[in-house]
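Asker: Dropping the structure in here first, questions after.
In full-length UniProt numbering, the protein residues as written are 1 to 551.
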């Protein structure tokens, strides 16, 4: 089956039944064709818990119009990516979702059936807006919509709305012209739509899949799992943003599970969930994503670096060599990502993560249960907030302890040993990983007047960023060496590759010069946070004692 992929950039507007269309003058310099009317009917599919909808994905089977067929719409930085498949030659009432479309969202569906959740009928008038040269720029749709939800008690609704969609989002002035049309719509009395899609408006607000506020550990896991699944479809297509963001989510899950191993160990006792085994699986997944991400970063980094040199230093042949080698390796790494995400092993991991979220925070201690005590003790709500805060701060303490150990060992070795640049980079890379985990835990601590959290976040960000640049330089040099060896074997000149290698080596040398001061800033900021915690405890103790005395 042929799957077509397009990028959809559109704006939606709410209008009442009698709102007139924008005037010819308001749409200038664009000119509208004679309107064409279509009768569209679409059935939308989702899982029982509306996983697709929760992650801003829509899957529909539509009849009528110029593009009838199966449509899968996925979120994308540029707008939305739409995958289309034909209805087929069989029974037109056939409602079997094409396997290719299910595969594209397999991480969200997870072996569960896809069932109809809504039906949307639409009487659409389409006006093609053209530029003065006659080229189609924007498709303006005047929609009169009637809907039926199958998940909200069979409710029905109807409304009118306008959609404006770019014909070619890559056109240089396309977005400016879209803004012009949007202004014309506003002048005609339209308002920007409050819903992201017709389906979202049909189904209405969705309750949280997992109750928030039960425990900070659960909240952290929910956030990480949400990010993992949000970027699962893009990672399957091996987009730069998809692979990167999914890798970040996997790292976040690993950090949360390891930071709160004691709490989760108690929660999962007596269940089939093994947090240690789950960490091992996530580590494997991170490695697969990491290889693809590293090549993507190197490709962009070396491409930009080579462009900064004149062609008599880094020749066109050298640039072509870089492009060819890295494109080939990026394709191979992408195939490994796709295979990993299509595997039953990955789906098992996602299933277990959902199970882990369900049990997290279920123990009385984690939930902060119990009635408030007498004698001026804080209220139940206040105590639960304090207990949640203390849980998060314990996670910070654990990660800072790990950071301090590797920082102390690294600085001792840097001072006492005659190390090569590669050895120094390897040592500081371990510190970077610990700083990253610490930053993750610090970011989960809510900002308050009692705690001085911001300096530690800033210090961790600085150290992570600086050492991240060093690691990108390390990875780039590894690929330059690999490509240079192949070039030598083929009798190619490697002078330009040598220039790029030396540039990266010098960059790393310079960047590492500030390592110790940046690492010291993290420690100083942690001490500042610790002092604010002690001061807050003293104030609370004094306040509680004063309340007790009054009673």
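Where a beta carbon is used, it is the ideal one built from N, C-alpha and C, also for glycine.
Please read these numbers as outputs of a predicted model, since none were measured by experiment.
Report buried or exposed for residue 18, applying the criterion of at least 16 other Cβ atoms within 10 angstroms of its Cβ.
Answerer: Taking the chain shown and counting its residues from 1, one reaches residue 18 at position 18. Its Cβ having fewer than 16 others within 10 Å, residue 18 is exposed.
Asker: For residue 123, which residues does DSSP report across the bridge?
Answerer: In the chain shown, residue 123 corresponds to position 123, counting from 1. Beta-bridge pairing links residue 123 to 39 and 144.
Asker: Which stretch, first to last residue, makes up the beta strand (DSSP E) that contains residue 59?
Answerer: Along the chain shown, read from residue 1 onward, the residue named residue 59 stands at position 59. Start and end: 58-63.
Asker: Within this structure, are the beta carbons of residue 442 and residue 453 separated by less than 9 Å?
Answerer: Position 442 of the chain shown holds residue 442. Position 453 of the chain shown holds residue 453. A contact, by the Cβ cut-off of 9 Å.
Asker: Write down every uninterrupted run of the alpha helix (DSSP H) in the segment 475-540 whose length is 4 residues or greater and which is fully enclosed by it, in chain order.
Answerer: Fully enclosed alpha helix (DSSP H) runs of 4 or longer: 495-512.
Asker: Nearest CA to the CA of residue 276: which residue from 446, 289 and 259?
Answerer: Position 276 of the chain shown, counting from 1, holds the residue named residue 276. Considering only alpha carbons, the answer is 259.
Asker: Smallest Cα separation from residue 9: which of 63, 177, 109 and 64?
Answerer: Taking the first residue of the chain shown as 1, we reach residue 9 at position 9. Residue 9 has its Cα closest to that of 177, out of 63, 177, 109 and 64.
Asker: Kindly indicate the opening and closing residues of the beta strand (DSSP E) around residue 11.
Answerer: Looking up residue 11 in the chain shown gives position 11. Start and end: 10-15.
Asker: Once you ignore the five residues that flank residue 268 on each side, which residues in its own chain have a CB closer than 8 Å to its CB?
Answerer: Looking up residue 268 in the chain shown gives position 268. For residue 268, where only same-chain residues beyond five positions count, the Cβ hits under 8 Å are 274, 275, 356 and 359.
Asker: Which two residues bound the contiguous alpha helix (DSSP H) that contains residue 284?
Answerer: Here residue 284 corresponds to residue number 284 of the chain shown, with the count starting at 1. Taken as a continuous stretch (DSSP letters only), the alpha helix (DSSP H) holding residue 284 covers 275-307.
Asker: So which of 71, 43, 87 and 111 has the shortest CA-CA distance to residue 343?
Answerer: Start at 1 with the first residue of the chain shown, and residue 343 comes out as number 343. Residue 343 has its Cα closest to that of 111, out of 71, 43, 87 and 111.
Asker: Would a C-beta distance cut-off of 9 Å place residue 84 and residue 65 closer than the cut-off?
Answerer: Your numbering for residue 84 matches position 84 in the chain shown. Your numbering for residue 65 matches position 65 in the chain shown. No. Outside cutoff.
Asker: Return the first residue and the last residue of the beta strand (DSSP E) that residue 72 is part of.
Answerer: For the purposes of this step, residue 72 is identified with residue 72 of the chain shown, where counting begins at 1. 69-76 is the extent of the beta strand (DSSP E) around residue 72.
Asker: Residue 174 lies in the beta strand (DSSP E); which residues open and close that run?
Answerer: One-based indexing of the chain shown puts residue 174 at position 174. Premise fails: residue 174 lies in the alpha helix (DSSP H), 174-187, not in any beta strand (DSSP E).
Asker: Extract the residue ranges of the alpha helix (DSSP H) inside the segment 238-265, only unbroken runs of 4 or more that lie entirely within it.
Answerer: Counting only runs of 4 or more, we get 240-259.
Asker: Just confirm the distance between the C-beta atoms of residue 347 and residue 106, as a whole number of angstroms; I'd bet it's less than 8 Å.
Answerer: As a working note, residue 347 is residue 347 in the chain shown. As a working note, residue 106 is residue 106 in the chain shown. The Cβ separation is near 7 Å, so the contact holds.
Asker: What are the boundary residues of the alpha helix (DSSP H) that residue 428 is part of?
Answerer: In the chain shown, counting from the first residue as 1, residue 428 sits at position 428. Looking at the DSSP string, the run of the alpha helix (DSSP H) that includes residue 428 is 421-444.
Asker: What three-state label does DSSP hand residue 135 in the structure shown?
Answerer: In the chain shown, counting from the first residue as 1, residue 135 sits at position 135. It is coil, neither helix nor strand.
Asker: Using CA coordinates, which residue listed in 221, 362 and 293 is at the minimum distance from residue 336?
Answerer: Position 336 of the chain shown, counted from the first residue, corresponds to residue 336. Taking only the C-alpha atoms, the option nearest residue 336 is 293.
Asker: According to DSSP, simplified to helix, strand and coil, what is residue 213?
Answerer: One-based indexing of the chain shown puts residue 213 at position 213. Residue 213: coil per DSSP, three-state reduction.
Asker: Please check the pair residue 119 and residue 144, which I expect to be a contact at CB under 8 Å, by giving their CB distance rounded to whole angstroms.
Answerer: Taking the chain shown and counting its residues from 1, the one referred to as residue 119 is at position 119. Taking the chain shown and counting its residues from 1, the one referred to as residue 144 is at position 144. Contact doesn't hold; Cβ gap of about 15 Å is too wide.
Asker: Leaving out five residues on either side along the sequence, give the residues of the same chain with a beta carbon under 8 Å from the beta carbon of residue 53.
Answerer: The sequence position of residue 53 within the chain shown is 53, counting from 1. For residue 53, where only same-chain residues beyond five positions count, the Cβ hits under 8 Å are 46, 117, 199, 200, 203 and 206.
Asker: Between the alpha carbons of residue 127 and residue 61, how many angstroms are there, rounded?
Answerer: As a first step, residue 127 must be located in the chain shown, where it is residue number 127. As a first step, residue 61 must be located in the chain shown, where it is residue number 61. Going from the Cα of residue 127 to the Cα of residue 61 covers about 23 Å.
Asker: Residue 421: which of 49, 471 and 44 sits nearest, CA to CA?
Answerer: In the chain shown, residue 421 corresponds to position 421, counting from 1. Checking every option, the nearest Cα to that of residue 421 belongs to 471.
Asker: Look at the alpha carbon of residue 132 and the alpha carbon of residue 353, and state the distance between them as a whole number of angstroms.
Answerer: The sequence position of residue 132 within the chain shown is 132, counting from 1. The sequence position of residue 353 within the chain shown is 353, counting from 1. The straight-line gap from Cα to Cα measures roughly 55 Å.
Asker: Figure out for me which residue from 152, 313, 23 and 96 has the closest Cα to the Cα of residue 493.
Answerer: Looking up residue 493 in the chain shown gives position 493. The shortest C-alpha separation from residue 493 is found at 313.
Asker: Tell me which same chain residues have a C-beta within less than 8 Å of the C-beta of residue 534, skipping the five on either side of it?
Answerer: Residue numbering aside, residue 534 sits at position 534 when the chain shown is read from its first letter. Cβ within range, chain order: n/a, list empty.
Asker: Under 7 Å Cβ to Cβ from residue 361, same chain only, skipping five residues before and after it: list those, please.
Answerer: Taking the first residue of the chain shown as 1, we reach residue 361 at position 361. Contacts found: 214, 215, 217, 218 and 367.
Asker: Taking the alpha-carbon positions, what's the residue 7 to residue 164 distance?
Answerer: For the purposes of this step, residue 7 is identified with residue 7 of the chain shown, where counting begins at 1. For the purposes of this step, residue 164 is identified with residue 164 of the chain shown, where counting begins at 1. Roughly 14 Å between the two C-alpha positions.
Asker: What are the partner residues of residue 46, as DSSP defines its beta bridges?
Answerer: Residue numbering aside, residue 46 sits at position 46 when the chain shown is read from its first letter. For residue 46, which the question treats as bridged, DSSP gives the partners 115.
Asker: Just reading off the alpha helix (DSSP H) that residue 107 is part of, what are its end residues?
Answerer: The residue given as residue 107 occupies position 107 in the chain shown. Residues 106-109.
Asker: Please report whether the beta-carbon of residue 318 lies at a distance below 9 Å from any beta-carbon of chain B.
Answerer: No chain B appears in the structure shown, which is made up of a single protein chain.
Asker: Tell me which residues share the same chain as residue 498 and place their Cβ nearer than 8 Å to its Cβ, disregarding the 5 neighbours each side in the sequence.
Answerer: Taking the first residue of the chain shown as position 1, residue 498 is located at position 498. Closer than 8 Å at Cβ, skipping near neighbours: 484.
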